[in-house]
Structure formats: structure tokens, C-alpha cells
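Here is the structure we will look at.
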Amino acid sequence: MNNGPLIISELCDFVVGLYTGIEEVYGSPTYRALGRPCPLLGSSRKLVFTTTYWLALLHPMEFLGCWSASCCLHFRQHYGHGRWAPSPDSRSQNRDSHAESIFQRRLLYMPYFPPGSRTQELDPADPMLRGLTVRKLSFAPVDGSPRLDGLLLTPSSLGSRPPEGLIYYLQGNAGNTLARLPKFRELLFPAAATDPPTLGLFALSPRGYWSSGGPLPFPLTALTPPGHRLSQRGLLRDYGRVLAELGQRSELKNVPVWLHGHSLGGAVAAQLLAEMCKAEGGTDHIAGLILENPLPSVPHMVKVLYPSKWLPYHYLGGFARDRWDSSQALHSIHHRIPLLVIQSEHDELVPPLLTRGLYDDACASRLSDPTNNPTHQPITQHAVIPHALHDSAFSKARYRLTVHRFISRTMPHKK
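Going by my numbering, the sequence shown opens with residue 1, and the numbers climb by one from there.
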């Protein structure tokens, strides 16, 4: 019952991707200057019309497919009888249902974008690695989860000595770890800071990203084992278990950790820390939380991406299983943990008002906590990076200075 909408969705993606690729090649000014018609679509004059036609036709089919799948699952759970009755464990299985997670994959998880992100290899001669010791760490599969890879970067000047602190970086929804090497370099080598600490940085490639294992590519996505699927629960499990394993490594034992999440990674960092706070002593090694242009929640972002209420896409947030509610997560985090929220002035993806609202909400929650020590208020900081876009804040001097001053201020032995 659930496979029909999924197959429709996958076929929609395939056809739209095919036509989009054709338009990129045969619709380019260079190719049109040659005066050659597209062999599949005819003349270039018909190209845009044909592509627009398919886009207009297929995306509503995708919407209806997800809607019908939701109705079928709801019917089976609450009204099913006989052969339509749900199995005893179907409720847990439905949480990760492919049909239910269609739109969160489309909006959130893009491990294959830009093209080549899954096949790019680490180049030791990359100029961005100059002065850095880089190790690619692999983490074996556990209980059905995929193999995970990540990069551990430390200044070469450290030699065999451990860093004073570790930045645990949680990436956004697209691209791979290698695409973020310029950012990692800026974080490890500040241009200007007073007595900057010597830091290390670990960036995990969660399931489906870069060289880590994960969901099968199209058209085999429907055959992905449950433990390999991209989902909120899966990402939290990946980041959580790797963070725990890093703390057991001899070179990183007792090293304070700052969780640094960007965009979707900011929501992951907040949710991960909220879960860690539930366990006694689970956050003893966490020195701070850095949220850079964090995703406020999936329903909020869907309405931002599709603001027109006349389009069905405006209401897709209600179908999302992975809600990534950062505000709710921040309410569950121990208020003693320092918080830094970084906001790009000209963020073109996450509206600055949403980021500011997230910070104000966190401040109100922390200040109203009756367990606060009046003589030692929790460290909560907000920084706006002028002239920065969603992904370019790291290139600004104020960004680097803000991050390193925050880390220096919250370093355990410097409090």
C-alpha cells in the first residue's frame, strides 16, 4: 500500500531530473549558439515549455502520493481489520516509512548534491590542509547502522600532544566534509584572537554523506535497510555514538568538546545535546554549544520555502516525520551549558528573524529557570555577522573572533 506513492515520487524525481539535466546542457547559451536542436526534445524553443510542463504536472503528483500514503497509514493504524490490520510492530516501522519521509528527504537530506559529493576523495596535497594533521577515522557498523567516516584535524604543531579542546562539527544538509575544509581551517587558525586555545576539530560524515554508508541511491532507495535510512533518529544515533567513541580515544580523553552545528546541523546539535542531558553525567565533557544559522524547525522552513498559501507545498510541513524543533530542544538543555547563536546578516535561507527568535526564546527559558545561581548566570551569546550569507559567515573576521573568544571564555580551566 505504501510502495505506490513512493514509486510515483521516485519516478517524478527521475523525470524532473532528466529534463532539468537536458535543459542545463542543451539549453545553455554555448550549445544554442551552435544551432543544434536537442535530440530528445527538439528545438530549444520548445525546451523550456516542455520542462515547465513536466515540473507543473509531476510535483502535484508527488504531493498527492504523500498525502494518500499518510491517509492509508492512518487508516491501517486506527481502523484496520483482518488483512488490513497493522502488525504488532508496524507502528514503530511506520515512523520510518519511506512514504511518510518523502518530503523531509527532498527538503532536508541532499547527500548527492552537488554532484560528486559521494565520490570525492581526500587529497593530502590540498592547500587547505597545510599546517594540519588530518586523519580519516572509520567507525564500524553497530546494530544494523552503517559504517561512518569522519575527519579529525589538528594543528601540526601539536605533534603527539592532545588539543586543549575539540570542536565537534555537525554539517548542513548538502555537500560533504571536504567542501568545508576552508571553514575548518578558519576555525583552527584564527586570524586574530587573544591567547587562542589550540583546538582540534572532528567532522563526521553521517549516513549517506561523503564516504559513509547509508541509503541506496535511486532507483534502489526503496530497498534501503531500515537501519541505514536517513532520518532524524538515524542522524542522532550516528552523531551520538561517534561522539561517545571519540571520548574513549586516548588522544581525546578528558578533552572538552564544543558542539558546533550549522544550518540543519544546528538543529541536530541541539537535539543531540537535549538527549544527552537526559542521562546523568552525559554532558560532563560538553563545554559549549555553537549554533550557526540553525534550522528552527521543518514546519517553519517549509513555509519559508513556499510562502504562497495558494500552493499545496506551503502545507507540506504537516507531513514531516522529522520535525527538528530546535526551540523545544533548547528548552531541554541544561542551562549551565554555554550557548552561542551566530546569525548571518543577509542569510538567504533561514530568515534572520527566526534565528533571533530562537535565541530570544532560549534566553527567556534560561533566565526563568529557578535553579539558576544568581551570582553565576548562564553564558548565552548572540552574534550577527555583517554582510554574510547562509554559508559565508566563516569568511568574515568577526565570525572567527566571535567563535574563538567564546571558546576561550568557556574553556573549563579559564572560567
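Each residue gets a CB set at the ideal place from its N, CA and C atoms; glycine is no exception.
Apply the 10 Å Cβ neighbour rule to residue i and answer buried if 16 or more other Cβ atoms are within range, or exposed otherwise.
i: Asp-123; result: exposed
i: Arg-367; result: Arg is not the amino acid found at residue 367; the sequence shown has Leu there. Per the 10 Å Cβ criterion, exposed.
i: Ala-320; result: buried
i: Thr-119; result: exposed
i: Pro-163; result: buried
i: Pro-294; result: buried
i: Trp-310; result: exposed
i: Pro-256; result: buried
i: Pro-423; result: Residue 423 lies beyond the residue range present for the chain, which begins at 1 and ends at 415; the question has no answer from this structure.
i: Asn-254; result: exposed
i: Leu-152; result: buried
i: Ser-205; result: buried
i: Ser-156; result: exposed
i: Glu-186; result: buried
i: Ala-362; result: buried
i: Leu-220; result: exposed
i: Asp-180; result: Sequence inspection shows Arg at residue 180; the Asp mentioned does not correspond to that position. Label assigned to Arg-180: buried.
If you drop the 5 nearest sequence neighbours on each side, which residues of the same chain put their C-beta closer than 6 Å to that of residue i?
i: His-262; result: Gly-172 and Glu-292
i: Val-341; result: Leu-291, Tyr-359 and His-382
i: Gly-200; result: Thr-154, Pro-163 and Leu-166
i: Ile-333; result: Leu-273, Ala-274 and Cys-277
i: Leu-178; result: Gln-120
i: Val-384; result: Gln-343 and Glu-345
i: Ala-174; result: Met-110 and Phe-113
Short check: CB of residue i to CB of residue j, under 8 Å?
i: Leu-246; j: Phe-202; result: yes
i: His-404; j: Pro-196; result: yes
i: Arg-207; j: Pro-115; result: no
i: Leu-259; j: Leu-170; result: yes
i: Trp-210; j: Ser-117; result: yes
i: Leu-230; j: Val-268; result: no
i: Ala-287; j: Met-411; result: yes
Roughly how many whole angstroms lie between the Cα atoms of residue i and residue j?
i: His-300; j: Gly-318; result: 10 Å
i: Asp-322; j: Val-134; result: 33 Å
i: Asp-143; j: Gln-381; result: 39 Å
i: Leu-137; j: Ser-212; result: 11 Å
i: Leu-289; j: Gln-343; result: 14 Å
i: Leu-166; j: Gln-232; result: 24 Å
i: Tyr-399; j: Ala-388; result: 10 Å
i: His-314; j: Met-110; result: 20 Å
i: Ala-270; j: Leu-330; result: 6 Å
i: Pro-37; j: Tyr-112; result: Note that Pro-37 scores a pLDDT of 49, beneath 50, so its modelled location is shaky and nothing firm can be said.
i: Asp-391; j: Val-350; result: 11 Å
i: Gly-240; j: Leu-223; result: 26 Å
i: Ala-364; j: Phe-394; result: 28 Å
i: Trp-324; j: Pro-217; result: 24 Å
i: Asn-176; j: Asp-149; result: 11 Å
i: His-190; j: Leu-401; result: The question names His, but residue 190 in the sequence shown is Pro. Looking at the two C-alpha atoms, the distance is approximately 7 Å.
i: Arg-409; j: Leu-132; result: 24 Å
i: Gly-234; j: Leu-108; result: 14 Å
i: Pro-243; j: Leu-339; result: Correcting the residue type first, residue 243 is Leu in the shown sequence and not Pro. Cα to Cα, the separation comes out at about 19 Å.
i: Pro-226; j: Pro-312; result: 29 Å
Going by beta carbon distance, what residues of the same chain come within less than 7 Å of residue i, once the five residues before and after it are set aside?
i: His-335; result: Arg-366, Asp-369, Asn-372 and Pro-378
i: Leu-34; result: With a pLDDT of only 44 at Leu-34, under 50, the local geometry of the prediction cannot be trusted, and the value read off the model is given with reservation. Counting only Cβ-Cβ distances below 7 Å, and skipping sequence neighbours, we find nothing.
i: His-346; result: His-387, Ala-388 and Leu-389
i: Pro-182; result: Met-128
i: Leu-354; result: Pro-296 and His-300
i: Ala-140; result: Arg-147
i: His-228; result: Pro-146, Arg-207, Gly-213, Gly-214 and Pro-215
i: Leu-158; result: Thr-198
i: Asp-126; result: Leu-181
Run the proximity test for residue i: is its beta-carbon closer than 7 Å to any non-hydrogen atom belonging to the ligand HEM?
i: Pro-141; result: Judged by which ligands are present, the structure shown has none, so any question about the ligand HEM falls away.
Keeping to the same chain, check which residues put their C-beta closer than 8 Å to that of residue i; ignore five residues upstream and five downstream.
i: Gly-266; result: Leu-170, Leu-291, Glu-292, Asn-293, Pro-294, Leu-295 and Ser-326
i: Thr-283; result: Leu-273, Met-276, Cys-277, His-334 and Ile-337
i: His-285; result: Gly-247, Asn-254, Val-255, Pro-256 and Val-257
Would you please verify whether the beta carbon of residue i is less than 8 Å from any beta carbon of chain B?
i: Gly-175; result: Here there is only one protein chain, and chain B is not present.
Segment contact flag, the segment 275 to 290 with the segment 300 to 317, C-beta cutoff 8 Å, min 3 pairs: With the cut-off at 8 Å, the segment 275 to 290 and the segment 300 to 317 do not touch.
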